[in-house]
C-alpha cells in the first residue's frame, strides 16, 4: 500500500509539473484569434493545479472510476457481464468520438496483424457477419478477407487467431464424415460469438427465426458491437497482457482515454456575438464549443498527455499497466497520432476546431465543477 501511495503521489506531482510547464508556454505565446481564449485556459490550468492533488487526487479517481472504468472497463472476470455493461452504458451515437478513436486504434493494430487486408477491419467483419444467416464466419472466409497471399498459410492462421482473440470471438469445428467432392472426412473451422453474447445480442441486434434456424442481423448491428467486445476483452483480461494485445494495446488505450480526460477538462468558451462561427448553420451553441489553436500547441498537449497517459494506465491496470507505458520517442509518436485523431473526430467550422459535447465530456466536466465548487465553499 505504501508503494502504491508513493507511485500515485509521484504521478500527481508529474501532472502538476506538466500543468506548470503548459501555463508558462501559454503565457509566452499569443496566437489566438478569439479574445480571452488564452486567459480562460490558463485560469483552468491554474485551477487544476490547485485542486487536482487534493484528497489524494480525488478528481482523477472520481472521473476515471465513475465515467471511464465503470462504463468501458467493468471490474468483472465474466466476459458476458463486461460486454453487457459496456453495451448498455452508451450508444454509438452518444459516444461517436470514443468509438471513432477506438475504431482507428483497432484498425491500426489489426493492420499490423492482417497486412494483406484492405479497408477498415471492423467494417468488414460487420459486413461478413451480416451477410450470413447462421452468424458464423468459416475459416476460409477469414483467409479471403484478411489473409496475405505472399505469406504461408500457417503464418496467416496464427495472425488470424490473434485477430479473433482481440474481439473475444470463439472458434468451433464442424466435422463432415464424407465430403461430397473428395469422399473423405472434412473438418471446417468457423468463428462466431460466444453463446452468452448471442443471447445478449438477441435483444437488439439479432432476430432468431426458430422455425428456419436463421439468425437475421438487424440494422442496429454495427461496429459498436465489436468495439464493446474489444473493450470487454481488455476488462476481463487486464492482468494477462498477451490476451489484450500487449504493450501496444496498453499504450493506445491509455492515450485515448487520456485525450478524453483532457478534452473534458478544457473550459467552454463564450464567443463574441459578432464571431461569424455563431452564424454558421453547422454550429450548434447548445452542444458545441470552440477549441482555439493555441490549446492544441505541442508544448501544451505533450506536457499534459504524458502524465495523463500514466495516470489512466495506473488507475485501469495498476503497476502492471504503468510498467508498460513507453517513455520514449514511441510514446511521443502515439501522442502525435492522438493529436491528429483529435482533429479527425471533431468538427472544423470556419477554420476553427469545435468540440462536440458528447455525454462523457459533460459528465467529467460536471464532476470537475462540482468538486472544485465544493472545495471553494469549504
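Numbering (the working numbering), first residue to last: 4 to 381.
We put the beta carbon where it would ideally sit given N, CA and C, even for glycine.
(message) By the DSSP assignment, the beta strand (DSSP E) with residue 292 in it spans what residues?
(response) For the purposes of this step, residue 292 is identified with residue 289 of the chain shown, where counting begins at 1. Per DSSP, the unbroken beta strand (DSSP E) holding residue 292 starts and ends at 291-294.
(request) Indicate the three-state DSSP secondary structure (helix, strand or coil) for residue 63 in the structure shown. (result) Mapped onto the chain shown, residue 63 falls at position 60. In the structure shown, residue 63 sits in a helix (DSSP, three-state: H, G or I).
(request) List the DSSP bridge partners of residue 174. (result) Locating residue 174 in the chain shown gives position 171, counting from the first residue. 194, per the DSSP bridge assignment.
(message) Using only CA atoms, which one of 21, 61 and 16 lies nearest to residue 375?
(response) Numbered from its first residue, the chain shown carries residue 375 at position 372. Comparing Cα positions, the closest option is 61.
(request) Pick helix, strand or coil for residue 353, following the three-state DSSP scheme. (result) Locating residue 353 in the chain shown gives position 350, counting from the first residue. The answer is coil: DSSP assigns residue 353 none of H, G, I, E or B.
(message) Quick check: what's the CA-CA separation for residue 244 versus residue 276?
(response) For the purposes of this step, residue 244 is taken as the residue at position 241 of the chain shown. For the purposes of this step, residue 276 is taken as the residue at position 273 of the chain shown. Roughly 52 Å separates the two Cα atoms.
(request) Quick one: grab the DSSP three-state call for residue 358. (result) As a working mapping, residue 358 is identified with position 355 in the chain shown. The answer is strand: DSSP assigns residue 358 an E or B state.
(request) Can you tell me which of the three DSSP states residue 5 falls into? (result) Along the chain shown, read from residue 1 onward, the residue named residue 5 stands at position 2. Note that residue 5 has pLDDT 43, beneath the 50 cutoff, so the model's placement of it is unreliable and no number is given.
(request) Give, in chain order, every unbroken run of the alpha helix (DSSP H) that is at least 4 residues long and sits entirely within the segment 239-267. (result) Fully enclosed alpha helix (DSSP H) runs of 4 or longer: 244-247.
(message) On the DSSP letters alone, give me the boundaries of the beta strand (DSSP E) that residue 209 sits inside.
(response) To locate residue 209, count along the chain shown from 1; it is residue 206. Start and end: 209-212.
(request) Could you spell out the range, first to last residue, of the beta strand (DSSP E) harbouring residue 219? (result) Taking the first residue of the chain shown as position 1, residue 219 is located at position 216. According to the DSSP assignment, residue 219 belongs to the beta strand (DSSP E) that extends over 217-220.
(request) Run the CB neighbour count on residue 299, radius 10 Å, all protein chains shown included, and call it buried at 16 or more, exposed below. (result) Stepping through the chain shown from its first residue, residue 299 is reached at position 296. Exposed, by the Cβ-count rule.
(message) Distance check for residue 232 and residue 250, CA to CA, integer angstroms please.
(response) To locate residue 250, count along the chain shown from 1; it is residue 247. To locate residue 232, count along the chain shown from 1; it is residue 229. Cα to Cα, the separation comes out at about 19 Å.
(message) Applying the 10 Å Cβ sphere with the 16-neighbour rule, what's the burial state of residue 91?
(response) Residue numbering aside, residue 91 sits at position 88 when the chain shown is read from its first letter. Residue 91 sits exposed, since fewer than 16 C-beta atoms from the chains shown fall within 10 Å of its C-beta.
(request) For residue 105, count neighbouring Cβ atoms within 10 angstroms of its own Cβ and tell me buried if that reaches 16, exposed if not. (result) The sequence position of residue 105 within the chain shown is 102, counting from 1. Note on residue 105: 16 or more other CB atoms within 10 angstroms of its CB, so buried under the neighbour-count rule.
(message) Assuming residue 44 is part of the alpha helix (DSSP H), what are its boundary residues?
(response) On the chain shown, position 41 is the one that residue 44 refers to. Note, residue 44: alpha helix (DSSP H), 40-54.
(message) I'd like to confirm the pairing. Which residues does DSSP put opposite residue 141 in its beta bridges?
(response) For the purposes of this step, residue 141 is taken as residue 138 along the chain shown, with counting starting at 1. Per DSSP, 193.
(request) Measure the C-alpha to C-alpha separation of residue 39 and residue 283 and round it to an integer number of angstroms. (result) Here residue 39 corresponds to residue number 36 of the chain shown, with the count starting at 1. Here residue 283 corresponds to residue number 280 of the chain shown, with the count starting at 1. Separation of residue 39 and residue 283 (C-alpha to C-alpha, rounded to the nearest whole angstrom) is 21 Å.
(message) For residue 48 and residue 26, which I take to be in contact (beta-carbon distance under 8 Å), what is that distance rounded to the nearest angstrom?
(response) Numbered from its first residue, the chain shown carries residue 48 at position 45. Numbered from its first residue, the chain shown carries residue 26 at position 23. Approximately 5 Å separates the beta-carbon atoms of residue 48 and residue 26; this is inside 8 Å, confirming the contact.
(request) Tell me, please, whether the segment 41-55 touches the segment 160-180 by the rule of three or more beta-carbon pairs shorter than 8 Å. (result) Fewer than three beta-carbon pairs drawn from the segment 41-55 and the segment 160-180 are found closer than 8 Å, and the two stretches are therefore not classed as touching.
(request) Evaluate the contact criterion for the segment 135-148 versus the segment 191-206: three or more CB pairs, one atom per stretch, below 8 Å. (result) Touching, yes, given that three or more Cβ pairs across the two stretches are closer than 8 Å.
(message) For a test of the three-state rule: what should DSSP assign to residue 135, helix, strand or coil?
(response) Position 132 of the chain shown holds residue 135. Annotated three-state conformation of residue 135 is coil, per DSSP.
(message) Do residue 312 and residue 235 count as a contact pair if the criterion is CB distance below 8 Å?
(response) The sequence position of residue 235 within the chain shown is 232, counting from 1. The sequence position of residue 312 within the chain shown is 309, counting from 1. In this structure, residue 235 keeps its C-beta atom at 8 Å or more from the C-beta atom of residue 312.
(message) If you reduce the DSSP assignment to three classes, tell me which class residue 378 lands in.
(response) Position 375 of the chain shown holds residue 378. Judged by DSSP in its simplified three-state form, residue 378 adopts helix.
(message) Within a Cβ cutoff of 8 Å, which residues of the same chain sit near residue 45, ignoring the five residues on either side of it in sequence?
(response) Locating residue 45 in the chain shown gives position 42, counting from the first residue. So the list reads 26, 29 and 30, once near-sequence residues are dropped.
(message) Taking the alpha-carbon of residue 224 as reference, which of 56, 127 and 14 has the nearest alpha-carbon?
(response) Taking the chain shown and counting its residues from 1, one reaches residue 224 at position 221. Comparing C-alpha distances from residue 224 to each of 56, 127 and 14 shows the shortest one belongs to 127.
(request) Give the straight-line distance between the Cα atoms of residue 161 and residue 146, rounded to the nearest whole angstrom. (result) As a position in the chain shown, residue 161 is number 158, starting the count at 1. As a position in the chain shown, residue 146 is number 143, starting the count at 1. Cα to Cα, the separation comes out at about 11 Å.
(message) For a test of the three-state rule: what should DSSP assign to residue 287, helix, strand or coil?
(response) As a position in the chain shown, residue 287 is number 284, starting the count at 1. It is coil, neither helix nor strand.
(message) Counting only beta-carbon separations shorter than 8 Å, does residue 228 have a partner in chain D?
(response) Of the chains in the structure shown, none is chain D; there is only one protein chain.
(request) Evaluate residue 212 with the Cβ neighbour count: other Cβ atoms within 10 Å of its Cβ, from every protein chain shown; 16 or more gives buried, anything less gives exposed. (result) Stepping through the chain shown from its first residue, residue 212 is reached at position 209. With fewer than 16 other CB atoms across the displayed protein chains lying within 10 angstroms of its CB, residue 212 is exposed.
(message) Give me, in chain order, the residues of the same chain whose beta-carbon lies closer than 7 Å to that of residue 4; leave out the 5 immediate sequence neighbours on both sides.
(response) Residue 4 sits at position 1 when you count from the first residue of the chain shown. Its pLDDT being 43, under 50, residue 4 is placed unreliably in this model, and the coordinates cannot settle the point.
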